[in-house]
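Chemist: Numbering (the numbering used here), first residue to last: 30 to 420.
Note that beta-carbon positions come from the ideal geometry of N, C-alpha and C, so glycine has one too.
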Ligand code: ATP
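1) Under 8 Å between the Cβ atoms of residue 148 and residue 80?
2) Run through DSSP, which three-state label would residue 272 get?
3) Is the beta carbon of residue 296 sitting closer than 8 Å to the one on residue 233?
4) Measure the alpha-carbon distance for residue 135 versus residue 44 and round it to whole angstroms.
5) Hey, out of 224, 279 and 210, whose CA is closest to residue 247's CA?
6) Can you find a heavy atom of ligand 1 that lies under 7 Å from the Cβ of residue 228?
7) Any C-beta of chain D sitting closer than 8 Å to the C-beta of residue 143?
8) Can you pull the DSSP bridge partners for residue 105?
9) Ligand 1 and residue 144: does the residue's C-beta get closer than 7 Å to at least one heavy atom of that ligand?
10) Would you please state the rounded distance, in angstroms, between the beta carbons of residue 254 and residue 281? I believe it to be under 8 Å.
11) Can you find a heavy atom of ligand 3 that lies under 7 Å from the Cβ of residue 140?
12) Residue 324 and residue 364: beta carbons closer than 8 Å?
13) What is the residue span of the beta strand (DSSP E) that residue 93 lies within?
14) Give me whichever residues DSSP pairs with residue 71 in a beta bridge.
15) Restricting to Cα atoms, I'd like to know which of 366, 252 and 340 is closest to residue 355.
16) Out of 68, 270, 183 and 301, state which residue places its alpha-carbon closest to the alpha-carbon of residue 216.
17) Which of the three DSSP states, helix, strand or coil, is assigned to residue 332?
18) Report the residue ranges of all beta strand (DSSP E) runs contained in full by the stretch 251 to 300; include only those spanning at least 3 residues, in chain order.
19) Around the C-beta of residue 241, are 16 or more other C-beta atoms found within 10 angstroms, so that it is buried, or is it exposed?
20) In the DSSP assignment, the alpha helix (DSSP H) including residue 83 goes from what residue to what residue?
21) What is the C-beta distance between residue 8 and residue 105, in whole angstroms, given that I count them as a contact (C-beta under 8 Å)?
22) Give the straight-line distance between the Cα atoms of residue 197 and residue 239, rounded to the nearest whole angstrom.
23) I'd like the list of long-range same chain contacts for residue 398, defined as Cβ closer than 8 Å, with 5 residues on each side in sequence excluded.
24) Considering only residues of the stretch 181 to 247, which uninterrupted alpha helix (DSSP H) runs meet the minimum length of 4 residues and lie entirely inside it, listed in chain order?
25) By Cβ distance, which residues of its chain are closer than 8 Å to residue 303, with the 5 residues on each side in sequence left out?
26) From residue 103 to residue 321, what does the alpha carbon distance come to, in whole angstroms?
27) For residue 315, which residues in the same chain have their Cβ closer than 6 Å to its Cβ, ignoring the five residues on either side in sequence?
28) Please report how far the alpha carbon of residue 52 lies from the alpha carbon of residue 70, in whole angstroms.
29) DSSP has residue 150 in a bridge; who is on the other side?
30) Leaving out five residues before and five after residue 55 in sequence, what residues of the same chain have Cβ atoms less than 8 Å from its Cβ?
31) So is residue 140 buried or exposed if we call it buried at 16+ other beta carbons inside 10 Å?
32) Residue 147: beta carbon under 7 Å from a heavy atom of ligand 1?
33) Between residue 409 and the rest of its own chain, which residues show a CB-CB distance below 8 Å, the 5 nearest in sequence each way excluded?
34) Quick one: is residue 273 buried, meaning 16 or more other Cβ sit within 10 Å of its Cβ, or exposed?
35) So is residue 166 buried or exposed if we call it buried at 16+ other beta carbons inside 10 Å?
36) Given this structure, state the Cα-to-Cα distance separating residue 77 from residue 46, to the nearest angstrom.
Right under this line is the structure:
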């Protein structure tokens, strides 16, 4: 199933049903630029559900999701098809989600972000509906808003403008740029929910030229405005490399870096907050860790900390070698004995068993134990010592 097959099916549906249906947004932009876009944006004047259902039947795929604004999402081979109802939008205040009403295609194009994203092609035709001179801006490689209130209506468009400009190597048109600066200065971004900010930053981090993009975002003072920290591209790149080496998903680490030392942590997930808390404990242990060379001592300090926290601290405190040693050679060492063996020796307290196993592992790392028998004998020694201390 190719892209043209999907569009031909849509054309048939539109002819049979007589519903005004358009290719829009990023799909049209990229088509004119000759870029292959796997997202097909479709807008329907009226019953989007009907078009989505008919297309889903003919493609033999289900409707995967529907969004709050009546958008139906289908996946067919490599393509994602978004079918939305044409709508008009009103923004009651900056940063909040808009009030939405069904509308015609012209209203729908007028609610969009930039001129290059506001063109439509009626399905089955080659005509470009271009109310805002998007074609001209595409030629001039410019990102331009449709009106002066665009960023106050929806400040997330600031990220979108920067993202598109960086990705396509476009300039941000002069007035648009000054509107961005003004919106930042007026603090509009702080009115946007943290979930939406996080989503925008995640999209930025998915871009090929993400480091240039983040530098630009930082230079505009956006991180600062949001109470976040920008640790610089070198740090983030090193973090990414080190995380990938240990098969850790880097996304969480970027966000931890944006929160570490900043005023705002609300954008972190619960798990990331836990990681950051343990990073703060690790910070205090680093001076001691730096002095230790023996494996058993490194084990004692780092044991139990989550891997993402260790990766982060490794880069942040320039102790990657020690963290690598721990993750590659110390932590994976498995004992021959288990908790059950210790239980078999009459100890039932879980905490005590854990402590004994840790002691055996420390001894094992100092390489004086090499068999199960050695380990069992060492446990006996510990138990005897404990008994003597009790007396
Ligand atoms: P990408 O290639 O990153 O997916 P896209 O232009 O397809 O870029 P989407 O986020 O998929 O971006 O949005 C599709 C279209 O919806 C955009 O081209 C634009 O017309 C419109 N749009 C999306 N987000 C906004 C927004 N915040 N404000 C106004 N219009 C928007």
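Modeler: Let me lay it out:
1) With respect to the 8 Å criterion, residue 148 and residue 80 are not classified as neighbours on the basis of their beta carbons.
2) Helix.
3) The Cβ atoms of residue 296 and residue 233 lie no closer than 8 Å to each other.
4) Per the coordinates, the alpha-carbon of residue 135 lies some 21 Å from the alpha-carbon of residue 44.
5) The shortest Cα separation from residue 247 among 224, 279 and 210 belongs to 210.
6) Checking every heavy atom of ligand 1 against the Cβ of residue 228, none is found closer than 7 Å.
7) This model lacks chain D altogether; it includes just one protein chain.
8) Bridge partners of residue 105: 108.
9) No - ligand 1 has no heavy atom lying nearer than 7 Å to the Cβ of residue 144.
10) Not quite, the Cβ-Cβ distance comes to about 23 Å (not below 8 Å), so this is no contact.
11) Absence of ligand 3 is noted for the structure shown, with ligand 1 being the only ligands found.
12) Against a cut-off of 8 Å, the Cβ pair of residue 364 and residue 324 comes out as no contact.
13) Element bounds for residue 93: 92 to 95.
14) 52 and 112, per the DSSP bridge assignment.
15) When only C-alpha atoms are compared, the closest one is 340.
16) The option with the nearest alpha carbon to residue 216 is 183.
17) Coil at residue 332, not helix or strand.
18) For the stretch 251 to 300, there is no continuous beta strand (DSSP E) assignment of 3+ residues that stays within its boundaries.
19) Label assigned to residue 241: exposed.
20) Element bounds for residue 83: 77 to 88.
21) Past the edges of the chain, shown from 30 to 420, lies residue 8, and the structure says nothing about it.
22) Residue 197 and residue 239 have their C-alpha atoms roughly 12 Å apart.
23) Within the same chain, 389, 392, 404 and 407 come within 8 Å of residue 398 by CB-CB distance, once the 5 residues on both sides are set aside.
24) Taking only runs of at least 4 residues, the alpha helix (DSSP H) segments lying wholly in the stretch 181 to 247 are 185 to 197, 203 to 214 and 223 to 234.
25) Only 335 meet the Cβ criterion.
26) Looking at the two C-alpha atoms, the distance is approximately 56 Å.
27) Closer than 6 Å at Cβ, skipping near neighbours: 346.
28) Looking at the two C-alpha atoms, the distance is approximately 6 Å.
29) Note: residue 150 sits in a beta bridge opposite 52.
30) Within the same chain, 66, 68, 70 and 146 come within 8 Å of residue 55 by CB-CB distance, once the 5 residues on both sides are set aside.
31) Buried, because 16 or more other Cβ atoms sit within 10 Å of the Cβ of residue 140.
32) Checking the 7 Å criterion, the Cβ of residue 147 is within range of a heavy atom belonging to ligand 1.
33) Cβ neighbours of residue 409 beyond the five flanking positions: 374.
34) Counting C-beta atoms within 10 angstroms of its own C-beta, residue 273 has fewer than 16 neighbours from the protein chains shown and is therefore classed as exposed.
35) Flag for residue 166 reads buried.
36) Note on geometry: alpha-carbon atoms of residue 77 and residue 46 lie some 12 Å from one another.
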